[in-house]
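Notes to accompany the following structure.
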Amino acid sequence: MQGDESITDRQFDAAKVAAPYMHPKLSGLATDALPRRSADAFTDEELAALAQENGVPPP
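Everything in the sequence shown is counted per the numbering used here, starting at 3 for the first residue and increasing by one.
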């Protein structure tokens, strides 16, 4: 119906009713993500623990 100027009021009302089925509204998603920190914000012990968790051998 875009660009068609010969739309009747009845067609317009039908389009408004059908719109939620053709173009559903987006909804928010819940997440439990943790905020990221830069490597400078970690202590040496924290970095070593993270490396060990990921299978990186200690230096």
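Backbone N, C-alpha and C define an ideal beta-carbon position, used for all residues, glycine too.
Cutoff 8 Å; reference residue i; Cβ partners in own chain excluding five residues on either side
i     : result
Glu47 : none
Leu49 : Ala41
Ala43 : none
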